[in-house]
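Numbering (the numbering used here), first residue to last: 417 to 880.
C-beta atoms are modelled at their ideal positions from N, C-alpha and C, and glycine is treated no differently.
Since the structure is predicted, the reported quantities are computational estimates derived from the model, not experimental observations.
And the structure:
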């Protein structure tokens with residue numbers, strides 16, 4: 417974390433789902449109570465003190481994570497913070513300028529971030545997800561201002577094509593090409609849908625993004641809607657994500673109040689209405705045609721293609737569907753340019769990819785790495801390797817539709833084509849590490865059982 421350019425004392429507390437479950441709000445209350453009490457260090461009385469909630473910064477297993485920012489200094493991070501630790505942190509660190517070393521983040525915390533390149537997640541853990549002004553202060557909504565004032569829809573699509581942004585939700589289809597199909601489809605009403613219904617076991621990338629920085633996703637959707645010509649949109653989020661849903665609802669309401677959503681956005685002729693649709697948690701609704709059926713109020717059943725949603729989608733209107741991470745890439749592409757974006761990643765897989773690293777690995781959590789790093793680097797350099805000195809057995813990538821990579825394929829680069837050639841797939845980004853104590857037969861049985869039970873049952877192979 418970098419230094420906050422401020423003369424005030426700031427305390428940032430991780431309030432993602434894992435943080436809240438670990439007691440983040442109780443820790444927030446404790447800091448606020450200490451700062452308001454008479455028994456505080458002199459520096460606290462002399463300066464303004466701000467306690468700020470942030471989204472998930474990735475290393476969920478260390479929650480509650482707290483950053484202390486003193487004027488002109490780098491942040492100091494504390495792990496596993498509880499309310500009874502707060503008074504000591506305020507007295508010794510803020511009051512005397514001496515961090516409490518026994519509670520401070522250890523080397524493994526910083527190793528977790530060393531190989532990462534956090535572009536999509538750069539403000540998760542920094543921005544207050546419920547404060548639009550905080551998002552704007554960090555450069556938010558500047559990309560949509562540039563788009564509506566300086567670029568034509570065709571310019572935006574060409575920039576996305578030039579950036580070679582591929583869909584982050586599954587097969588990696590080129591986003592610019594997908595947008596072109598929908599833009600060229602005839603119709604005076606078009607829909608844009610954000611798929612936030614990640615159902616893969618062990619996946620929590622989209623949830624963390626949308627609950628940690630919802631305005632970033634909204635801005636990405638605005639850019640896409642302008643480029644494609646969409647009048648209306650939906651964020652489809654499963655009901656099992658109550659924190660994400662609450663924050664998205666607030667973000668949508670405030671964005672509309674500020675003129676970033678609705679009619680004549682930013683004083684232009686561009687209008688876009690955005691709604692939130694809560695899903696019932698069916699895995700099959702992650703498939704885009706089943707998702708569209710669910711929005712329409714029907715049972716989530718996949719539909720034959722063609723026609724594709726770009727031609728006949730939501731209520732038979734041209735529709736474009738992308739996932740949360742895809743939309744979250746767009747503001748930085750517009751602001752920094754496609755030429756900058758293509759310097760990240762590999763020749764055919766540009767940018768970064770966010771993974772949910774879980775299983776038998778020392779440091780689990782949310783990881784963002786450049787395309788092209790190896791599976792081994794992800795597990796050992798970022799994740800810290802296998803705990804308890806056990807041997808690595810396999811890593812499952814790509815969700816139930818993906819595959820398992822054994823030890824001799826650990827040097828496989830993480831990109832769309834290399835993973836497919838190795839027998840796995842990028843998928844949405846779930847990574848489950850297994851050690852020598854795991855039975856691969858049981859793993860295969862689990863994923864097959866999951867797929868069979870979650871299937872819509874439309875086709876015979878899934879019913880027998």
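Check                                                                                                                                                                          : Outcome
Any idea if residue 860 is buried or exposed, counting beta-carbon neighbours within 10 angstroms, 16 or more meaning buried?                                                  : exposed
Compute the beta-carbon to beta-carbon distance between residue 704 and residue 625, rounded to the nearest angstrom, for a pair I have assumed lies under 8 Å.                : That pair is no contact at about 19 Å.
Can you look up residue 565 in the DSSP assignment and give me helix, strand or coil?                                                                                          : helix
Please tell me whether residue 470 has its Cβ less than 7 Å away from any Cβ of chain B.                                                                                       : This model lacks chain B altogether; it includes just one protein chain.
Using the Cα positions of residue 455 and residue 503, report the straight-line distance between them to the nearest angstrom.                                                 : 10 Å
Count the other CB atoms, across all protein chains shown, that sit within 10 Å of the CB of residue 576; report buried if there are 16 or more and exposed otherwise.         : buried
Just to confirm my understanding: we take residue 619, look at its own chain, exclude 5 residues before and 5 after, and list those with CB closer than 6 Å. What are they?    : 772, 844, 846
Give the straight-line distance between the Cα atoms of residue 733 and residue 606, rounded to the nearest whole angstrom.                                                    : 6 Å
Return the bridge partner residues of residue 610 from the DSSP annotation.                                                                                                    : 651, 738
Going by other Cβ atoms of all chains shown within 10 Å of its Cβ, with 16 needed for buried, is residue 858 buried or exposed?                                                : exposed
Applying the 10 Å Cβ sphere with the 16-neighbour rule, what's the burial state of residue 579?                                                                                : buried
Nearest by alpha-carbon distance to residue 431: which of 663, 842, 810 is it?                                                                                                 : 663
In chain order, which beta strand (DSSP E) runs of at least 3 residues are fully inside the region 422 to 460?                                                                 : 425 to 430
From the DSSP output, read off the bridge partner residues of residue 774.                                                                                                     : 848
Could you check whether residue 535 and residue 842 sit closer than 7 Å to each other, using their CB atoms as the reference points?                                           : no
Does the distance from the C-beta atom of residue 761 to that of residue 786 stay below 7 Å?                                                                                   : yes
Buried or exposed: where does residue 565 fall if 16 or more other Cβ atoms within 10 Å of its Cβ makes it buried?                                                             : exposed
Going by other Cβ atoms of all chains shown within 10 Å of its Cβ, with 16 needed for buried, is residue 636 buried or exposed?                                                : buried
Consult DSSP for residue 720 and reduce its assignment to one of helix, strand or coil.                                                                                        : coil
Quick one: is residue 680 buried, meaning 16 or more other Cβ sit within 10 Å of its Cβ, or exposed?                                                                           : exposed
How close, in whole Å, do the beta carbons of residue 424 and residue 464 come, if the pair is a contact with beta carbons under 8 Å?                                          : 4 Å
Based on Cα-Cα distance, which residue from 701, 875, 673, 697 lies nearest to residue 690?                                                                                    : 673
Excluding the five sequence neighbours on either side, which residues of its own chain have a C-beta within less than 6 Å of the C-beta of residue 475, listed in chain order? : 528, 781
Which residue's Cα is closest to the Cα of residue 888: 853, 525, 508?                                                                                                         : With the chain running from 417 to 880 in the structure shown, residue 888 is simply not present.
Kindly confirm or deny that the region 479 to 494 and the region 515 to 530 touch, where touching means at least three C-beta pairs closer than 8 Å.                           : yes
Report yes if the CB atom of residue 521 is closer than 7 Å to the CB atom of residue 490, and no otherwise.                                                                   : no
Take residue 687 and list the residues in its own chain whose beta-carbon comes closer than 8 Å to its own, dropping the five residues that flank it on each side.             : 647, 678, 679, 680, 681
From the DSSP output, in three-state form, read off residue 504 for me.                                                                                                        : helix
Per DSSP, what kind of secondary structure is residue 784 in: helix, strand or coil?                                                                                           : strand
On the three-state DSSP scale, how would you describe residue 535?                                                                                                             : coil
When the Cα atoms are used, what is the spatial distance from residue 592 to residue 768?                                                                                      : 17 Å
Report the rounded CA-to-CA distance for residue 458 versus residue 508, giving the unit in angstroms.                                                                         : 12 Å
Using a threshold of 7 Å, state whether the C-beta atoms of residue 849 and residue 778 are closer than that.                                                                  : no
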